[in-house]
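S.K.:
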Amino acid sequence: MATGRLGVGETLGALNAALGPGGPVWFKETRARHLRVRDFLAPRQALRARFGDEQVPEHVFHAVASLQGPGVAPVLRCAPTPAGLVLQLQRPAVFQRVLGSVASYAKPTRPASPGPRVVLHCPALRCSPDALRLSQLRAVLVADHLARTLRTQGMCVHLVPAVRDPHMPTFLQKLRVDWPTASARTSTETLKSRVLAELTSLHDGETLPPGVLGRLCLKDLVEEQGHRAGYDPSVDNCLVTEDLLSVLAELQEAVQHWPEDNYQSLTVAPDAGVDSCIVVHVVSCEEEFQQQKLDLLWWKLDDQAPLRQKHLVCGPVKVAGAPGTLMTAPEYYESRHTQVCKVSALKHGGSLAQDPAWIEIFGVLSVATIKFEMLSTAPQSQLHLALTDSSISTKGTKSGTFVMYNCARLATLFEGYKRCMEQGLYPTFPPVSSLDFSLLQDEGEWLLLFNSVLPFSDLLSQTAVLTCISPGLRVTAHTEMVCKFLIQLSMDFSSYYNRIHVLGEPRPHLFGQMFARLQLLKAVREILHTGLAMLGIPPLNHI
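Here UniProt numbering is used: the first residue of the sequence shown is 1, the next is one more, and so on.
Okay, structure coming up:
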């Protein structure tokens, strides 16, 4: 039997190669009604553009029908239809290959060589929690999620700044944000000397505000080739303070000295030059202009500053019925936490509020609600929040609470199997190699495998893509992809679970199908847990 990990990307690549020279034509189906008859489609219009009005050449048709190769899913049939050329896979064989090696599909595919070193700088973390606006909270959550996804791709990531406010670590812990802390500031003496040498002469009669060392002109840098793309042309000069130099000193330290634990599984040398480093400033839209000044000031004062500085700018956060600036991040957290406790009390009774286990569950549900709200929208887009109880209902299908509810349903399912096995109602789980996956005939089963388990590692790779090579100051990231994926996975699982009684009656002739289904749902559970880990959310066993 063939071995090796199957991949959607590998299959699509082989399908397009079989058509001969030209751009990509094939695409993967995702909708249930289409998956009843096909898995991949080459649309008729695209084929006509490639081959003219003639039919697909026989040798091309044969190449597609007999498709093989590393990572390529086995083909059952290929046929012309009014919609175009359709291809269906050997589904039992795909089930066998994927479910026989679940672990390899629940983790990202590491690149052959490590990517660039990345400094993720989130200026919002220099303030206290009570001063953190919702747009800044969004930037913090985006930076934390991006750091996790980049590291799964083998990239070396350094997080800046190290948090110094005494109250911020506790707040970040509530949010399940993993960020370094520090107590001492980095020395600014070298930068201070450079500033004093570069100071712009003051105009007659001009006095500087208290705490300002002087003014530096940045206009020359804005106009220089290579630095001007994307910078605001109104950037003229910068008032330099000790605090500003402290920020630069910490960034200098980050690009010059990397924590040793960043290199445990990488081949890149810890002392690699700054040219191999990208600095990504994750900022709210209100912070972007000040960050542009900081970029230019760094280049002005440090000849070794990285040439590649990019801005991941998070769009504004609007709260329905009120300006978002009126609510701080802690107030937003407390609002969601209160709503979670209220909804749970209505469902299970008010006594849960004093139960330590439920206190932990309430905290996880609050974080899941917040992160799915903040991260399900592309970071550069405006975000609208509706602070109503409906946002945390398990009946809605778009919330983090809904995802966690289905996570708990999976845990309950496997706990139910374990309990019945201990009672002697079910046998122990047989070897996966002995399972008959041809018994998986329900369309929901193929939907879960084909749309969730099979493409998951590719999704993680796409989430970690930073478009830093293109010209311009801003960078885009796809931090919304994991949330959207987990919501769709939960919807597909919920629909399947509501229709199919997985743990059937304890009759030997039904065990084969039951174990095949359980193995599929083991894979779904593994994917769900891995996706939640990318968000910093622990799985729940019950709600």
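Glycine residues also receive a C-beta, built at the ideal position from the N, C-alpha and C atoms.
Relative to the alpha-carbon of Pro259, which residue among Cys314, Val64, Leu213, Val160 has its alpha-carbon at the smallest distance?
M.R.: Walking along the sequence shown from the start, residue 259 turns up at place 259. When only C-alpha atoms are compared, the closest one is Val160.
S.K.: Is the stretch 455-466 close to the stretch 88-108, with three or more CB pairs under 8 Å?
M.R.: yes
S.K.: Roughly how many whole angstroms lie between the Cα atoms of Gln304 and His281?
M.R.: Locating residue 304 in the sequence shown gives position 304, where the first residue counts as 1. Locating residue 281 in the sequence shown gives position 281, where the first residue counts as 1. Roughly 18 Å between the two C-alpha positions.
S.K.: Kindly confirm or deny that the stretch 403-412 and the stretch 523-531 touch, where touching means at least three C-beta pairs closer than 8 Å.
M.R.: yes
S.K.: Can you give me the C-alpha to C-alpha distance between Ser335 and Ala368, rounded to a whole angstrom?
M.R.: Start at 1 with the first residue of the sequence shown, and residue 335 comes out as number 335. Start at 1 with the first residue of the sequence shown, and residue 368 comes out as number 368. Between Ser335 and Ala368, the C-alpha separation is close to 14 Å.
S.K.: What distance in whole Å lies between the Cβ atoms of Val72 and Ala14, which are believed to be in contact at a cut-off of 8 Å?
M.R.: Working through the sequence shown from its first residue, we reach residue 14 at position 14. Working through the sequence shown from its first residue, we reach residue 72 at position 72. About 5 Å; that satisfies the 8 Å criterion.
S.K.: How would you label Phe402, buried or exposed, when you count the other beta carbons within 10 angstroms and need 16 or more for buried?
M.R.: Residue numbering aside, residue 402 sits at position 402 when the sequence shown is read from its first letter. Result: buried.
S.K.: Using the Cα positions of Pro43 and Gly84, report the straight-line distance between them to the nearest angstrom.
M.R.: By 1-based counting over the sequence shown, the position of residue 43 is 43. By 1-based counting over the sequence shown, the position of residue 84 is 84. Near 4 Å, if we compare the C-alpha coordinates of Gly84 and Pro43.
S.K.: In terms of residues, what are the limits of the beta strand (DSSP E) holding His281?
M.R.: For this step, residue 281 is matched to residue 281 along the sequence shown. Its beta strand (DSSP E) spans residues 277-284.
S.K.: Would you decide whether Gln264 is buried or exposed? Buried here means 16 or more other CB atoms lie within 10 Å of its CB.
M.R.: Indexing the sequence shown from 1 puts residue 264 at position 264. Low local confidence applies: a pLDDT of 43 at Gln264 is under 50, so the model's placement there is unreliable, and no value is given.
S.K.: Less than 9 Å between the beta carbons of Ala378 and His311, yes or no?
M.R.: Position 378 of the sequence shown, counting from 1, holds the residue named residue 378. Position 311 of the sequence shown, counting from 1, holds the residue named residue 311. No, the pair does not count as a contact, with Cβ atoms beyond the cut-off.
S.K.: Give a yes or no on whether the C-beta atoms belonging to Lys219 and Asp236 are separated by under 9 Å.
M.R.: For the purposes of this step, residue 219 is taken as residue 219 along the sequence shown, with counting starting at 1. For the purposes of this step, residue 236 is taken as residue 236 along the sequence shown, with counting starting at 1. Closer than 9 Å, so yes.
S.K.: Leaving out the 5 sequence neighbours to the left and right, which residues in its chain are closer than 6 Å to Val177 when beta-carbon positions are compared?
M.R.: Position 177 of the sequence shown, counted from the start, is the residue given in the question as residue 177. Within the same chain, Val177 has close Cβ partners Asp144.
S.K.: Can you list, in chain order, the residues of its chain whose CB lies under 7 Å from that of Val140, leaving out five sequence neighbours each side?
M.R.: Taking the first residue of the sequence shown as 1, we reach residue 140 at position 140. Listed in chain order, the non-local C-beta contacts of Val140 below 7 Å within the same chain comprise Cys122, Ala124, Leu125, Val177, local neighbours out to five positions each way being set aside.
S.K.: Please classify Gln519 as buried or exposed, where buried requires at least 16 other C-beta atoms within 10 Å of its C-beta.
M.R.: Along the sequence shown, read from residue 1 onward, the residue named residue 519 stands at position 519. Of the residues assessed, Gln519 falls on the buried side of the cut-off, its CB having 16 or more other CB atoms within 10 angstroms.
S.K.: Nearest by alpha-carbon distance to residue 569: which of Leu12, Phe362, Ala93 is it?
M.R.: What is shown of the chain runs 1 to 543, which leaves residue 569 out entirely.
S.K.: Which stretch, first to last residue, makes up the beta strand (DSSP E) that contains Arg36?
M.R.: Here residue 36 is taken as the residue at index 36 of the sequence shown, counted from 1. Membership of Arg36 in any beta strand (DSSP E) is not indicated, and neither H nor E is assigned to it by DSSP.
S.K.: For Leu199 and Phe171, I'd like the C-alpha separation in whole angstroms.
M.R.: The residue given as residue 199 occupies position 199 in the sequence shown. The residue given as residue 171 occupies position 171 in the sequence shown. Answer to the nearest angstrom: the Cα atoms are 39 Å apart.
S.K.: Rank Leu307, Leu440, Asp295 by C-alpha distance to the C-alpha of Ile245 and give the top, closest one.
M.R.: Here residue 245 corresponds to residue number 245 of the sequence shown, with the count starting at 1. It is Leu, not Ile, that sits at residue 245 in the sequence shown. Cα-wise, what sits closest to Leu245 is Asp295.
S.K.: Taking the CB atoms as reference points, tell me whether Pro506 and Leu425 lie closer together than 9 Å.
M.R.: Along the sequence shown, read from residue 1 onward, the residue named residue 506 stands at position 506. Along the sequence shown, read from residue 1 onward, the residue named residue 425 stands at position 425. Against a cut-off of 9 Å, the Cβ pair of Leu425 and Pro506 comes out as a contact.
S.K.: Let's test the definition: count the other Cβ atoms within 10 Å of the Cβ of Val37 and tell me whether it reaches 16, buried, or not, exposed.
M.R.: Walking along the sequence shown from the start, residue 37 turns up at place 37. Answer is exposed; the Cβ neighbour count stays below 16.
S.K.: In whole angstroms, what separates the C-alpha of Thr267 from that of Leu385?
M.R.: Here residue 267 refers to the residue found at position 267 when the sequence shown is read from its first residue. Here residue 385 refers to the residue found at position 385 when the sequence shown is read from its first residue. Model confidence at Thr267 stands at a pLDDT of 40, short of 50, so the residue's coordinates are unreliable and nothing is read from them.
S.K.: Measuring CA to CA, which of Asp165, Leu410, Pro70 is closest to Pro539?
M.R.: Translated into the one-based positions of the sequence shown, residue 539 becomes position 539. That would be Leu410, whose Cα lies nearest to the Cα of Pro539.
S.K.: What residue does the alpha helix (DSSP H) around Pro330 start on, and which one ends it?
M.R.: Numbered from 1 along the sequence shown, position 330 holds the residue referred to as residue 330. Unbroken alpha helix (DSSP H) run through Pro330: 329-348.
S.K.: Going straight from the alpha carbon of Leu115 to that of Cys156, what length do you get?
M.R.: For this step, residue 115 is matched to residue 115 along the sequence shown. For this step, residue 156 is matched to residue 156 along the sequence shown. A small correction: the amino acid at residue 115 is Gly; Leu does not occupy that position in the sequence shown. Taking the straight line from one Cα to the other gives about 8 Å.
S.K.: Spatial neighbours of Leu99 within its chain, please: C-beta separation below 7 Å, excluding the five flanking residues on both sides.
M.R.: Position 99 of the sequence shown holds residue 99. Counting only Cβ-Cβ distances below 7 Å, and skipping sequence neighbours, we find Val432, Phe437, Gln519, Leu520, Ala523.
S.K.: Under a Cβ-count criterion, where at least 16 other Cβ atoms within 10 Å of its own Cβ denotes burial, should Val212 be classed as buried or exposed?
M.R.: Walking along the sequence shown from the start, residue 212 turns up at place 212. That one is exposed.
S.K.: Could you give the DSSP three-state label for Lys310: helix, strand or coil?
M.R.: As a first step, residue 310 is located in the sequence shown; it is residue number 310 there, counting from the start. Lys310 sits in a strand when the DSSP states are folded into three classes.
S.K.: Helix, strand or coil, according to DSSP, for Pro270 in the structure here?
M.R.: Counting from 1 along the sequence shown, the entry for residue 270 is found at position 270. With a pLDDT of 43 at Pro270, under the threshold of 50, the predicted position of this residue should be treated as unreliable, though the coordinate-derived value follows. Pro270 falls in the coil class under three-state DSSP.
S.K.: Within 10 angstroms of its Cβ, does Cys483 collect 16 or more other Cβ (buried), or is it exposed?
M.R.: For the purposes of this step, residue 483 is taken as the residue at position 483 of the sequence shown. Answer is buried; the Cβ neighbour count reaches 16.
S.K.: Would you verify that the beta carbon of Asp355 is, or is not, closer than 9 Å to some beta carbon of chain B?
M.R.: Among the chains in the structure shown there is no chain B, since it carries only a single protein chain.
S.K.: Nearest-angstrom Cα distance between Arg148 and Leu120?
M.R.: As a working note, residue 148 is residue 148 in the sequence shown. As a working note, residue 120 is residue 120 in the sequence shown. Spanning the two alpha carbons is a distance of roughly 11 Å.
S.K.: Would you kindly check if the distance between the Cβ of Gly20 and the Cβ of Val75 is under 9 Å?
M.R.: As a first step, residue 75 must be located in the sequence shown, where it is residue number 75. As a first step, residue 20 must be located in the sequence shown, where it is residue number 20. Between Val75 and Gly20, the C-beta spacing is not below 9 Å.
S.K.: Kindly indicate which three-state DSSP category Asn406 falls into: helix, strand or coil?
M.R.: Reading the sequence shown from its first residue, position 406 is the one you call residue 406. Here Asn406 sits in helix by DSSP.
S.K.: Compare the Cα-Cα distances from Tyr496 to each of Ala17, Leu12, Ala32, Gly9 and report the closest residue.
M.R.: Within the sequence shown, residue 496 is the residue found at index 496, counting from 1. It is Ala32 whose Cα lies nearest to the Cα of Tyr496.
S.K.: Going by C-alpha distance, which of Arg164, Phe362, Leu41 is nearest Ala182?
M.R.: Your numbering for residue 182 matches position 182 in the sequence shown. Taking only the C-alpha atoms, the option nearest Ala182 is Arg164.
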